[in-house]
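Participant:
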Amino acid sequence: MLRLRTLLFLGASVSQLPAIEYARAAGYRVAAVDGDPNAIGFPYADVAEAVDFTDVDRVAAFGARLGVNGVLAISSDRAVVPAAAIAAALGLPGIGVDVAERFANKAVMRRRLAEAGIPQPRSRVLTSTEGVEASLAALGKPLVLKPADSGGQRGLFMVDTAAEIRAHLPETLALSRSGQAVLEVYMDGVELNGLLAVRGGESTLLTLSDRLRPTGIGFGVGWIHSFPSSLPEATLDEARDVAVAAVRALGLRDGIAFPQLIATAAGVRVVEVAARIAAGQMADLVSFGTGISLFDIAITQALGDEVPDWMVTPQFVRPTVIRFLTASPGVLPVGTVSSVGGLDAVRESPGVLSANLYFGAGATIRPVQVDADRSGYVIATASTPSKALGLADRAAAKLVVSVQDAVAPSRERPPRRRALRVLSAALVGAIVLGTALAFVLTEGAKLRQGPIAGARVDKHFSPSCRCPQDVAHIAFRLLRRRRITFQIVDAAGRPVTTFVHDRLLSAGLKRFVWRGRSALGRVLANGVYRPEVIFAALHRTLVLPNPIQLDTTPPRLEHKSARAGGRRLLLQYVYDEPAHALVLVDGKRAELTRSSIPSGQLDHEPAPAGHDHHIRRSRPGPFNDHGPNFGTRVLARRADEELRTAGVAWLFDHHIEQLAREQEVPDHRVEHLVAKLEDTGHLWEKFGALRGHWAVGLAGRER
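Counting from 16, one number per residue, gives the positions in the sequence shown under the numbering used here.
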């Protein structure tokens, strides 16, 4: 019987939903807890419990009953400390409660960073209105007031006077679990989001992206994320060094770190650091921009497995921008939503990689002031981040949202912009003006259909796998007779092969098959490729959804071991990349793991004597989808009614290859190979290799 490893997610809101879906698709058993009994992620979990994850004892008991193997806090500051405590209570891998506290409480974080000499804004901690005047005199102005341990920009205010601090402090303290507020100097400059993978105390920088914010009461909300950063290399090098030093000072040894930085005229400063995957679609930004999966890293570390180098190495660098959809000063109307339309048109727009909404009819859209007021997003790519932002804005303008009534903001405070913020205001104003202009230009075309529909693209394939995924299938429906060019481009946008060049095609379904070769027939390098349809007469280029991952390298087996006892067979394996495990009985599939992880084990109870038991390792496609079936096959034949622990040994790949060479067996037509294993009296065992893939065998001592 195959046992799937179980992951426990703290929270099942829209922020955790992508990770929950990812884990399910990767083959893990998913458990989730959330204080909301109607949490959106509950239907996607295998097991769900309506309990607040801050109730550590109840959640730990729930996890113990399920036998969970890992605990995850995804995109939630509030879950970081409980996750560490629950993992410790269950004896599972975690970052440690003390370390979690340093990241989750900004007052503790500020003290620790100050002790380590990390550059950051000057600050004071307030627990009441006592000492407000002294803090104001020591820090100067303008200032930012925030809860010590909250998130999502809740309770965040820009203040200049003692009266303003006193007016807002009760709300800020009410949002702090520890009853503390941090008052700190406002820093003007370009804000950066960093994401680092920390392994054994060593940090690897994954991305640095610009974080743009609106003016007004929502000044703390990131409404545009832009990768790569626009800052000079020297500044980015400084930002990396500051981020790495901050993470080291806070004591994180294994996990994902999310530092937020400000590049000021005086140098890079730390705003704050989180020990989790960032919210706000940052996992998508990293995936689309580099090919790195933050969910893979987080899951691997939660299970206590080693994160290999390939998992933190960019496959490419692609300019990517996230434009969040918000009300004022964004493009959405304020009020109760009566109807929504145009999302398909947004998704089919040039350069758009992904788009979604967080609301539907009946929801309320408010002016942006906290992260929760972001109502959706458009992710786009182009040759530069600025061009990608333009494409995202033009796509967003195609959204049609009707509201029934206006909603006033919950707190009104006229924006205060001093001379030091004039440039920021001008920049954001130009963006809003550009968005409005794009809206006007596309208003007449908003309700018209695009030139194609029903696009379907295979996400991954391997020309060398000799399996159903050895070609990439691409299909779309041309809605009208048009002259098009259809081609495949690489990650840099360079055409690698052209199927149709400037030809007039009739309306209807168009199907193409790509075998991973260039126009000259050369097999292309591994990487990400995209299909494009060019409509020269319309001055449009449509990038079809789902970038295609071309992959020809099989996984490498780094470690294997076996134990047998009674009627059970336990195989343990470690590969250099994710792979599925397939159990074959008499040549037929008995079990296939949904998991595609670099290491694991199979706990299998064989059928009665006389059956052959094959345990096959097959590599998944990129992003852990089921993919090409190639890699090492393992065949174990029962010696009698049970496999004995004594004398069990592995016959490694090179032994099989050596025997094959001696017998002059063609490597592309191996059907069966008989080998003798000289190991404490073992008799011969039969090994099979299919379609050129060598077998690794398990031999058992005869009675």
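A virtual CB, placed ideally from N, CA and C, is assigned to each residue, including glycine.
Since the structure is predicted, the reported quantities are computational estimates derived from the model, not experimental observations.
What whole-angstrom Cβ distance do Leu251 and Ser241 have, given they're in contact under 8 Å?
Facilitator: That pair is no contact at about 13 Å.
Participant: Along the chain, where does the beta strand (DSSP E) that runs through Phe501 open and close?
Facilitator: Looking at the DSSP string, the run of the beta strand (DSSP E) that includes Phe501 is 497 to 504.
Participant: With DSSP as the reference, please indicate the residues paired to Ala13 in a beta bridge.
Facilitator: The question about residue 13 has no answer, for the chain in this structure spans 16 to 718.
Participant: Less than 9 Å between the beta carbons of Arg73 and Val66, yes or no?
Facilitator: Closer than 9 Å, so yes.
Participant: Can you find the residues in the same chain that come closer than 6 Å, C-beta to C-beta, to Thr69, ignoring five residues on each side of it along the sequence?
Facilitator: Same-chain partners within the cutoff: Pro97.
Participant: Considering only their Cβ atoms, is the gap separating Gln31 from Ser91 smaller than 9 Å?
Facilitator: Contact: yes.
Participant: Are there 16 or more other CB atoms within 10 angstroms of the CB of Phe702, so buried, or fewer, so exposed?
Facilitator: Model confidence at Phe702 stands at a pLDDT of 31, short of 50, so the residue's coordinates are unreliable; what they give is reported in the following sentence. Buried, because 16 or more other Cβ atoms sit within 10 Å of the Cβ of Phe702.
Participant: In three-state terms, what does DSSP make of Thr142?
Facilitator: Three-state result, Thr142: coil.
Participant: Measure the C-alpha to C-alpha separation of Ala34 and Gly155 and round it to an integer number of angstroms.
Facilitator: Approximately 42 Å between the Cα atoms of the pair.
Participant: Are the beta-carbon atoms of Asp566 and His488 separated by less than 9 Å?
Facilitator: Against a cut-off of 9 Å, the Cβ pair of His488 and Asp566 comes out as no contact.
Participant: From Glu64 to Ala47, what does the alpha carbon distance come to, in whole angstroms?
Facilitator: Answer to the nearest angstrom: the Cα atoms are 6 Å apart.
Participant: Out of Ile394, Ala470, Arg495, point me to the one whose CA is closest to Phe527's CA.
Facilitator: Checked all of Ile394, Ala470, Arg495; the closest Cα to Phe527 is Ala470.
Participant: Just verifying my parser: in three-state terms, what is the DSSP assignment at Pro546?
Facilitator: In the structure shown, Pro546 sits in a strand (DSSP, three-state: E or B).
Participant: So is Glu686 buried or exposed if we call it buried at 16+ other beta carbons inside 10 Å?
Facilitator: Here Glu686 scores only 32 on pLDDT, less than 50, and its place in the model should not be relied on; the value that follows carries that caveat. Glu686 should be labelled exposed.
Participant: Do Ser138 and Pro162 have their C-beta atoms within less than 9 Å of each other?
Facilitator: In this structure, Pro162 does not lie closer than 9 Å to Ser138 by Cβ.
Participant: Per DSSP, which residues does Gln564 bridge with? Please list them.
Facilitator: According to DSSP, which records beta bridges pairwise, Gln564 is partnered with His475, Val543.
Participant: Among Arg126, Leu23, Tyr43, which residue has its Cα nearest to the Cα of Arg80?
Facilitator: For Arg80, the nearest C-alpha among the options comes from Leu23.
Participant: If you count every other CB in all the chains shown that lies within 10 Å of the CB of Ala419, and 16 or more means buried, which is it?
Facilitator: The sequence as given places Gln at residue 419; Ala does not occur at that position. Gln419 should be labelled exposed.
Participant: Would DSSP call Pro400 helix, strand or coil?
Facilitator: Pro400: helix per DSSP, three-state reduction.
Participant: Based on Cα-Cα distance, which residue from Val361, Glu206, Gly216 lies nearest to Pro274?
Facilitator: Per the Cα distances, Glu206.
Participant: Using DSSP's beta-bridge definition, name the partner residues of Thr279.
Facilitator: DSSP output for Thr279 lists Gly282 as bridge partner(s).
Participant: Would the beta-carbon of Val213 fall within 9 Å of that of Arg268?
Facilitator: Yes; because the gap between Cβ atoms is below 9 Å, this pair is in contact.
Participant: Please report the distance separating the alpha-carbon of Leu25 from that of Ala76.
Facilitator: Roughly 14 Å separates the two Cα atoms.
Participant: Under 8 Å from any heavy atom of the ligand ATP, does the C-beta of Tyr373 make it?
Facilitator: Among the components of this structure there are no ligands whatsoever, and the ligand ATP is therefore not found.
Participant: So if DSSP puts Ser210 in a beta bridge, which residue, or which two residues, is it bridged to?
Facilitator: Position check: residue 210 holds Leu in this sequence, whereas Ser was assumed. Its beta-bridge partners are Thr222.
Participant: Evaluate contact between the segment 530 to 549 and the segment 501 to 513, counting only Cβ atoms and requiring at least three cross-stretch pairs below 8 Å.
Facilitator: Result yes; three or more Cβ-Cβ pairs closer than 8 Å.
Participant: For the pair the segment 307 to 315 and the segment 50 to 58, tell me if three or more CB-CB distances fall below 8 Å.
Facilitator: The segment 307 to 315 vs the segment 50 to 58: no contact.
Participant: What residue does the beta strand (DSSP E) around Pro13 start on, and which one ends it?
Facilitator: The structure shown does not extend to residue 13, since the chain is modelled only from 16 through 718, so no value can be given for it.
Participant: Considering Cα atoms alone, identify which of Gly304, Tyr373, Ala397, Pro400 is closest to Val416.
Facilitator: The option with the nearest alpha carbon to Val416 is Tyr373.
Participant: Helix, strand or coil for Gln31, going by three-state DSSP, please let me know.
Facilitator: Note: Gln31 maps to coil in three-state DSSP.
Participant: Considering only C-alpha positions, which residue in the set Val257, Arg255, Ile380, Glu199 is nearest to Ala149?
Facilitator: Per the Cα distances, Glu199.
Participant: Taking buried to mean at least 16 other C-beta atoms within 10 Å of its own C-beta, is Pro400 buried or exposed?
Facilitator: Its Cβ being crowded by 16 or more others within 10 Å, Pro400 is buried.
Participant: Output the distance between the C-alpha atoms of Ser354 and Thr176, rounded to the nearest integer angstrom.
Facilitator: Those two C-alpha atoms are separated by around 43 Å.
Participant: Do you know how far the Cα of Gly270 is from the Cα of Asn561?
Facilitator: Each residue's alpha carbon lies about 29 Å from the other.
Participant: Might you give, ordered along the chain, the residues of its own chain that have their beta carbon closer than 7 Å to the beta carbon of Arg530, omitting 5 neighbours on each side?
Facilitator: The residues are Pro478, Val486.
Participant: Grouping DSSP H, G and I as helix and E and B as strand, with all else coil, what is Gly625?
Facilitator: In this prediction, Gly625 scores a pLDDT of 46, lower than 50, which makes its location untrustworthy; the coordinate-derived value is nonetheless stated afterwards. Of the three classes helix, strand and coil, the one that applies to Gly625 here is coil, per DSSP.
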